[in-house]
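In the numbering used here, the protein residues as written are 228 to 535.
All residues carry an ideal CB built from backbone N, CA and C; glycine is no exception.
Remember, predicted model here, so these are calculated numbers, not experimental data.
To keep things clear, I will list the structure first and then write my remarks on it.
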Amino acid sequence: MSHRELVVLGTASQVPTRHRNHNGYVLLWDGEGLLFDPGEGTQRQMVRAGVAASDLTRLCVTHFHGDHSLGLAGVIQRLSLDRVPHQVTAHYPASGQRFFERLRYATAYREAVRLREEPVHTSGVLHEGPRFTLVARELSHPVQAFGYQLTEPDGHTMLPERLAERGVSGPDVGLLQRRGELRGVRLEEVSEVRRGQRFAFVMDTRLCDGVFALAERCDLLVIESTFVDEDADLAREFGHLTAGQAGRVAAESGVRQLVLTHFSQRYQDPSVFARQAREAGFAGELTVAEDLARVPVRKRRAAGSTAR
């Protein structure tokens, strides 16, 4: 059965606060578990959220600032301690290879996990398989940074009335789906395209082409909104987005669900982030992330629907 859900482990930028842990996000996707940007304290947050080390299949780091990567050491050692039986693949900017190695071997431990390193050198496809395609896009930050997009392959919704008209029934329906043609009946004649779902993870960055490319037509977009709009100059200087900019990206890119996160500790009222994202034009489902929140990926649109 399909299970797709975002588990929020931490939502603070730069430093943790009394109420917000360093970054950390797990995307559960049909048996896969992708851990994004594990900051300090991620291993404990996983315990609190009920996410096991064995749930993880990929580690995806956007860049090597501490609030996005200091938790790698503990998570990697936990993978070995729990003797996770499957291979775990790690994606991270290739320019930060020395930081990854230092974190991977930060202390002495018995290495048991099969951890495959796949550093990201440039924008492009990182993985293409039957469940999803994983793509990286370069962002604009003082250090090299990449965002990630996961896209499910398109499928087909079978149309019973057209199948009946062409005399296709029972096991033949499955054969037609697998082969694309059966006894002169083509799959496209008796079905509609079911667009695959799309998820994107966009952290520390200024507005740039990569942000919009990652967000395009996403069913769920997780995006930083470190600053409020009044501090746009600070955001630009330090390589970040404001809440209004994040809302504008989502609105212009046709995003269905928007999750704002990575909040500066200078702001006490989180409702301002939602308000500014709305004022920028985003009308879809919006979540101002809280630690340990779980955000289900909404069911895909009905065939032919343009509604969000």
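Examine the Cβ distances between the stretch 264-271 and the stretch 363-379 and report whether three or more of them are shorter than 8 Å.
-> Cβ pair count under 8 Å is below three, so no.
For R421, the nearest candidate out of G382, Q404, L447 (CA to CA) | Here the closest residue by C-alpha is G382.
Compare the Cα-Cα distances from E338 to each of S418, A276, Q304 and report the closest residue.
-> Selected option, being the one with the closest Cα: Q304.
With a Cβ-Cβ cutoff of 8 Å, do V449 and T488 count as a contact?
-> The answer is yes: Cβ separation under 8 Å.
Roughly how many angstroms lie between the CA atoms of E232 and L377, to the nearest whole one?
-> So the two alpha carbons sit approximately 13 Å from each other.
Backbone secondary structure at T269 - three-state DSSP | In the structure shown, the three-state DSSP call for T269 is helix.
What does DSSP give as the partner residues of P523 in its beta bridges?
-> The partner list for P523 (beta bridge, DSSP) reads E232.
6 Å CB neighbourhood of G298 in its chain, flanking five on each side removed | Within the same chain, G298 has close Cβ partners P265, G266, E267, T269.
For the alpha helix (DSSP H) holding L403, just list the boundary residues, first then last.
-> Start and end: 398-406.
Among Y494, N248, D309, which has the Cα closest to the Cα of D294?
-> The shortest CA-to-CA distance from D294 to any of Y494, N248, D309 is the one to N248.
8 Å Cβ cutoff met for T284 and H313 = With contacts defined as CB atoms closer than 8 Å, T284 and H313 qualify as a contacting pair.
Segment limits, beta strand (DSSP E) that includes R343 | Here the beta strand (DSSP E) through R343 covers 342-344.
Check the DSSP bridge columns for I303 and list the partner residues they point to.
-> BP columns for I303 are empty, so no partner.
Could you give the residue range of the alpha helix (DSSP H) that holds R502?
-> First-last of the alpha helix (DSSP H) with R502: 498-506.
Q314, DSSP secondary structure in three states | In the three-state DSSP reduction, Q314 falls in the coil class, being neither helix nor strand.
Would G301 count as contacting chain D if we go by Cβ distances under 8 Å?
-> Of the chains in the structure shown, none is chain D; there is only one protein chain.
Is the stretch 324-333 in contact with the stretch 404-411, if contact means three or more CB pairs nearer than 8 Å?
-> With the cut-off at 8 Å, the stretch 324-333 and the stretch 404-411 do not touch.
Cβ neighbour criterion (16 or more within 10 Å) applied to G401 = Around the beta carbon of G401, fewer than 16 other beta carbons sit within 10 angstroms, so the residue counts as exposed.
Mind checking R483: buried by the 16 CB within 10 Å criterion, or exposed?
-> Buried is the call here.
Out of M385, P387, P398, S240, which has the shortest C-alpha to C-alpha gap to F454?
-> The candidate whose alpha carbon is nearest that of F454 is S240.
At what residues does the beta strand (DSSP E) containing A363 begin and finish?
-> A363 -> beta strand (DSSP E) spans 360-365.
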